[in-house]
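J.: Just dropping this structure here.
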Amino acid sequence: MDKDFIRKHWYAYIYEQQVIQADEVNFILSIVGNKPQNILEVACGGGRIAVPLALAGHKVTGFDIDEYMLEKIAAKAKGLSNISFYKADAVLHDWGKDFDVVILAGNILLNIESELPYEQAQELFIKKAAASVKQNGYMYLDFDCYERPDQASNKKQEWVCFEGTDDLGTYGKYIVISGDYSNQTHIDKSYRRYEIIPKNGEMFSFETTSIKHFPTFKQVKMWLDNAGWEIIHLYGDYQKKPMDEKVIGNRAIIWAKKS
Ligand SMILES: C[S@@+](CC[C@H](N)C(=O)[O-])C[C@H]1O[C@@H](n2cnc3c(N)ncnc32)[C@H](O)[C@@H]1O
């Protein structure tokens, strides 16, 4: 087995085990409602949201750039005829059209993999979402949205984001090393290190740089307006607290209608 396979398989397995966030899944199920809808989930990962939506009776299409994540859906969706999924890059690929609802969940605005400048990719997702739904269709969008004055200290901080053993017996840690954020540009440069010990005991590590842009709510609102989205509901968490960018960890949770 090559190292790339071992690492990516490990990450998809551990992500699936550790990122459950049932409150987000329940929130989406309730806001979408009981009437069967034709739903697109962009960057659907391992089906954390897509599969419960299909189980609730909706017709679901999902796609993701990562085939290791998609393998997780295949296992969970066995026997369900109302869900389909495929591998595609959301930046390059046409998302289709005439869906009732498009889901951009799991903080995707801050997790986009693309060669484009980050802000451009973020705005593109909002535009492509509008093109993928019918008139009066809806979008669910959520992302981390809070001011980060302290993050610009240039102090390197390291923390273990995920740790555990997968079904192949690979043990690993996914470590985030932060410390380079500009309050002016809102660009965050951080590093990721995987420390992997496969079953054969031959440890290896892998490092990568991550450059992201943290949009303000005002900026996202402008992208929404330009793409023809009208915000119907806006919350700061899944218990429907008001959105407040001053609160560390605030999420912008948006239910919008294509006007
Ligand atoms: C944080 S996960 C969220 C997965 C899922 N939406 C959820 O909430 O569980 C982000 C996902 O975005 C996918 N992704 C990132 N960039 C992408 C792109 N350009 N095209 C398609 N998928 C992408 C990743 O592969 C990953 O599965």
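Here the sequence shown is numbered in this note's numbering, starting from 14 and rising by one per residue.
Think of the CB as a built atom: it goes at the ideal place given N, C-alpha and C, for glycine as much as any other residue.
1. Any idea what DSSP makes of F227, helix, strand or coil?
2. Need the endpoints of the beta strand (DSSP E) that A35 sits in, please.
3. Suppose only complete runs of 4+ residues qualify. What are the alpha helix (DSSP H) ranges in the segment 133-215, listed by chain order?
4. Note the first and the last residue of the continuous alpha helix (DSSP H) segment covering R20.
5. Does the beta carbon of V104 fall short of 7 Å from some heavy atom of ligand 2?
6. Based on the DSSP secondary-structure assignment, which residues constitute the bridge partners of Y10?
7. Indicate the three-state DSSP secondary structure (helix, strand or coil) for E243 in the structure shown.
8. Applying the 10 Å Cβ sphere with the 16-neighbour rule, what's the burial state of T222?
9. Cβ of I121 within 8 Å of Cβ of A69?
10. Out of A143, V114 and V104, state which residue places its alpha-carbon closest to the alpha-carbon of N124.
11. Once you ignore the five residues that flank L237 on each side, which residues in its own chain have a CB closer than 7 Å to its CB?
12. Is the Cβ of G241 closer than 8 Å to any Cβ of chain D?
13. Who are the Cβ neighbours of F40 in its own chain at under 8 Å, not counting the five residues just before and after it?
14. Where does the unbroken alpha helix (DSSP H) through A67 begin, and where does it stop?
15. Please name the residue in P228, K85 and G262 whose C-alpha comes closest to that of Q197.
16. For the candidate residues P255, K253 and V146, whose alpha-carbon lies nearest to that of Q50?
17. Below 8 Å on the Cβ atoms is my guess for F219 versus Y207; work out the distance and round it to an integer in Å.
18. To the nearest angstrom, how far is it from the Cα of Y24 to the Cα of E132?
19. Measure the CB-CB distance between L53 and F112 and report whether it falls below 8 Å.
20. A265 bridges to which residues according to DSSP?
21. Helix, strand or coil: which one does DSSP assign to E258?
22. Just how far apart, CA to CA, sit G46 and M14?
23. Please tell me whether, using a cut-off of 7 Å, the distance from the CB of R61 to the nearest non-hydrogen atom of ligand 1 is below it.
24. Looking only at its own chain, which residues have a Cβ that is under 7 Å from the Cβ of S272, when we skip the five neighbours before and after it?
25. Run the proximity test for G185: is its beta-carbon closer than 7 Å to any non-hydrogen atom belonging to ligand 1?
26. How many angstroms separate the CA atom of M216 from the CA atom of T74?
T.: Working from what's here:
1. coil
2. Unbroken run through A35 is the alpha helix (DSSP H), A35 to V45; no beta strand (DSSP E).
3. none
4. K16 to Q31
5. Ligands in the displayed structure: ligand 1; ligand 2 is not one of them.
6. Because the chain is modelled from 14 through 272, residue 10 falls outside the range shown and cannot be assessed.
7. strand
8. exposed
9. no
10. V104
11. I139, I244 and A269
12. No chain D is part of this structure, which consists of one protein chain only.
13. Y251 and I266
14. A63 to L68
15. P228
16. V146
17. 4 Å
18. 26 Å
19. yes
20. F156
21. coil
22. 44 Å
23. yes
24. G241 and E243
25. no
26. 38 Å
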